[in-house]
Every structure is written in C-alpha cells, then in structure tokens.
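Below: the structure, in structure tokens.
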Amino acid sequence: QVHLVESGGGLVQAGGSLRLTCAASGSIFGFNDMRWYRQAPGKQRELVASITRGGRTDYSDSVKGRFTISRDNVKNTLHLQSNSLKPEDTGVYLCNFVDPTSRSYWGQGTQVTVAS
C-alpha cells in the first residue's frame with residue numbers, strides 16, 4: 425500500500441514562488457506516471473504537470489514555462505517548482521501516482537493561495 429502526503433503550499437503574493445513536495449511511503453519501484461493536479465473552487469480538477477518513469481515531462485499550457493516537475497526515485501518524492509505565480513494558480517494541489525498495474529494513488533492535497 426502506498427500513502428502520499430503533499431506539503432509546501434501556502435499563501436504567496438503574485439509573482440512569488442513555491443516548491444511543492446509529494447512524499448510517498450511504501451515502495452514505488454516501477455511506478456510509471458507521476459502527476460500534479462489542481463482543484464480550484466467551482467472548477468474541474470486540472471492536470472498541471474506529469475513526468476514519466478524515464479523523466480519525460482509534460483505541462484498544461486497555463487503553467488508551461490513557469491512550473492517544473494521533477495521526481496526523485498531514491499527518496500520516493502515528487503516535486504513541483506512553481507514560479508511567477510498568478511492568482512489563477514490558486515487551488516488545492518494534489519499528487520497522483522500510477523503503479524505498474526495502472527492503479528492510481530492520490531494524496532490529500534496542499535492549498536496554494538496566490539494574492540493579487
């Protein structure tokens with residue numbers, strides 16, 4: 425069983441930066457895609473960034489050039505470096521891991537609030 429815990433969220437002024445971390449307990453050896461989603465009030469959950477086991481990354485158009493996703497397969501962590509934050513980046517950020525059987529795991533989320 426894998427348990428995911430996000431951290432690093434908070435309140436930041438527009439233009440600021442945050443580094444989000446998702447820590448996994450339990451073995452994630454062989455896990456495939458790792459993703460960051462965000463959930464804003466009244467909006468659908470949005471895929472923000474993803475990274476494959478081989479390190480290939482993909483980003484939504486809304487964060488491309490400002491956010492960077494990375495993973496540490498030794499420390500079992502996933503990160504999201506978020507720069508030049510905008511008020512529309514506000515939301516709960518959740519990490520999502522997919523295991524080799526395509527089972528999906530979710531964390532509880534960390535709140536990011538960007539003040540204008």
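Count along the sequence shown starting at 1, add 424, and that's the number in the numbering used here.
Even for Gly, the Cβ is constructed at its ideal location relative to N, Cα and C.
How long is the line joining the alpha carbons of Arg477 and Ser484, rounded to whole angstroms? Spanning the alpha carbons of Arg477 and Ser484 requires a straight line of approximately 19 Å.
Where Trp530 and Cys446 are concerned, what is the direct C-alpha to C-alpha distance, given to the nearest angstrom? In this structure, the alpha-carbon of Trp530 lies about 10 Å from that of Cys446.
Can you tell me the Cα-Cα spacing of Ser451 and Gly489, whole angstroms? Between the C-alpha atoms of Ser451 and Gly489 there is a straight-line separation of about 31 Å.
Thinking Arg459 and Ala473 are a contact (beta carbons under 8 Å), I'd like their distance in whole angstroms, please. Sure, about 7 Å apart at Cβ, within 8 Å.
By the three-class DSSP mapping on this structure, what secondary structure does Asp496 have? Reduced to three states, the DSSP call for Asp496 is strand.
How big is the Cα-Cα spacing for Gly515 and Gly533? So the two alpha carbons sit approximately 9 Å from each other.
Would you tell me roughly how many angstroms separate the C-alpha atoms of His427 and Leu442, rounded to the nearest one? Between the alpha carbons of His427 and Leu442 lies a distance of about 23 Å.
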